[in-house]
Amino acid sequence: MDTVALVPAAGRGARLGAGVPKALVRVLGQSLLSRAVRGLLDSGSVGHVVVAAAPGQLDLMGREVRDLGERVHVVPGGGERTDSVRAALRAADRLVPSAEVVLVHDAARAFTPARVIRDVVAAVERGAPAVVPTLSVADTIKRVDDEGVVAETVDRSRLRTVQTPQGFTVDVLREAYGAAGDVATDDAGLVERLGYPVETVDGHTNALKVTTSFDLAVAEAVLAAGPV
Ligand code: C5P
């Protein structure tokens, strides 16, 4: 099956405070965007990548992925992440009409191991309408009341944190985005609302989302440790 990956990269990355969009932040000389896109292609499970960039940064982002060849397309994103994914999905329909599997992947998860990408694609190919990589929760989790007093200790055995790439059949993601309102931070959440089952595969700690300068330091350590 043909697979296309959508990479929303049109955000400002304000929390990182780097003064440039997060996707353009460099780790050991190479941008998160270029690392993320290369990782998708190198996994061997992704045929094409559509990057959604802020309209004023199409050239800038295009330069970051130029050496990765013609399987990478950069298109204008929108005001919210949802708008950017929707724009990339529409572009994918036009640019890669043969695609049956679609991934949505954060540029900020630039160090996602190939195994995770391949497992997500394989699960969709086996028939899952939606798949997310997850990690179990190491910390104890408590729910607090309005005053910050603990109201409950939550059973963490069934809790998972969710990473990307999230995988879908193209038809299911199209339906989800057809029904979506303006704001969603999690694509699988939209699919859940439609009543489709969302399967899980094992994520990996290296697939961390680079959000703060601490995460950048962790990313450098991940790179120094070499491939997994
Ligand atoms: O801000 P946050 O890290 O949650 O953003 C998640 C992803 O969505 C980032 O890769 C960001 O570039 C992207 N995004 C986008 N278009 C927007 C806002 C965010 O593509 N308008």
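In terms of our numbering, the sequence shown opens at residue 1339 and continues consecutively.
Built from N, CA and C at the ideal position, the CB exists for glycine as well.
All figures in this text were calculated on a predicted structure; none of them were measured in a lab.
- Ranked by Cα distance from residue 1522, the options 1417, 1469 and 1475 are led by 1417.
- Residue environment for residue 1402: buried (at least 16 other C-beta atoms within 10 angstroms of its C-beta).
- In this structure, the beta-carbon distance from residue 1339 to residue 1439 falls below 7 Å.
- DSSP places residue 1451 outside both helix and strand once states are collapsed to three, so it counts as coil.
- In terms of CA proximity to residue 1494, 1481 leads the group 1350, 1481, 1425 and 1542.
- Under the DSSP assignment, residue 1490 falls in the beta strand (DSSP E) whose first and last residues are 1488-1492.
- Taking 6 Å as the cut-off, the C-beta of residue 1424 does not count as close to any heavy atom of the ligand C5P.
- Just so you know, the alpha carbons of residue 1450 and residue 1424 end up roughly 23 Å apart.
- If you draw a straight line from the Cα of residue 1508 to the Cα of residue 1464, it comes to about 14 Å.
- Residue pairing of residue 1420 in beta bridges, as defined by DSSP: absent, with no partner found.
- For residue 1441, the enclosing beta strand (DSSP E) has its first and last residue at 1439-1442.
- Taking residue 1378 as the centre and dropping the five residues before and after it, the same chain places the C-beta of 1343, 1345, 1384, 1387, 1441, 1443, 1455 and 1503 closer than 8 Å to its C-beta, in chain order.
- Excluding sequence positions up to five before and after residue 1466, its CB lies within less than 6 Å of the CB of 1537, all in the same chain and listed in chain order.
- If you draw a straight line from the Cα of residue 1400 to the Cα of residue 1531, it comes to about 34 Å.
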